[in-house]
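Residue numbers (my numbering): 322 to 601.
Glycine included, C-beta positions come from ideal geometry on N, C-alpha and C.
Inspection log for the structure reproduced underneath, given as structure tokens.
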């Protein structure tokens, strides 16, 4: 089933969290001169119009990136993230949003490289076209999970794997854990960042339980909730599970998440957490 289209959700609160974490990890990797490898397993198209039919139908970006766009009190980490989105704009009006592959591609140095995979038959041609000008970026129409076998370990022996499936099927929650286990066998020193939605909390617990049972250490969970868990339809929160996170990530997110709660959710229903699933 390949019906999910991220263009309906681009720039929402979940994207803010995901891409803020993405930028912080890449900045940490850039502290060393040696190149790194970036793998985006579910890349989608990489760039979105916020004035198109899909984005305006849900208007989720208005409670995400739009609430950060013109503020002058952003923490430095959030300034850096918003700056990556502003690279798409020539004026002050918010018109476009960069997906994770474009944010990463724009941050790559000449010695770094990226592999972007997307299986959706409509999205892949757009992805390929959007990244044809990047010499150090490769796009493939492949199953992203399988790339944790095929593409790892990278020759650089340094890298970040972003796993961001649509979770259309319940099996995705198990496939994520299986893919990470396969990747970790080949590349135990890499950083793995798993995005997840909170629609039913029990599904998130399946991922957490699977990772706990894997024996993998150094797993950090970062979550931003816009409202309490519910059995009603809709996403109440989202999170990032990071294996081998940079040592700075925990403190950075503990500093930034209270600000995001206050700014993105003025209704005062938000909450956050930064906890270790398994420590070092």
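Does residue 578 pass the burial test, meaning 16 or more other C-beta atoms within 10 Å, or should it be called exposed?
buried
Nonlocal neighbours in the same chain, by C-beta distance under 6 Å from residue 494, ignoring five residues either side:
524, 527, 528
Measuring straight from C-alpha to C-alpha, what distance separates residue 501 and residue 331?
25 Å
Close-in-space but distant-in-sequence residues of the same chain around residue 423 (CB under 6 Å, 5 per side omitted)
Same-chain partners within the cutoff: 367, 368.
Determine the closest residue to residue 499 out of 479, 481, 470, with distance taken between C-alpha atoms.
For residue 499, the nearest C-alpha among the options comes from 470.
Do the region 452 to 469 and the region 385 to 398 make contact, defined as three or more Cβ pairs closer than 8 Å?
no
Buried or exposed: which applies to residue 576, given that a residue is buried once 16 or more other Cβ atoms fall within 10 Å of its Cβ?
Under a 10 Å Cβ-count criterion, residue 576 is classified as exposed, with fewer than 16 other Cβ atoms of the shown protein chains found around its own Cβ.
Suppose you measure from the CA of residue 517 to the CA of residue 431; what does that come to, to the nearest Å?
Approximately 31 Å between the Cα atoms of the pair.
In this structure, what does DSSP give as the bridge partners for residue 594?
544
DSSP-derived helix/strand/coil call for residue 490:
In the displayed model, residue 490 falls within coil according to three-state DSSP, outside both helix and strand.
Rounded separation between residue 481 and residue 363 - CA only
14 Å
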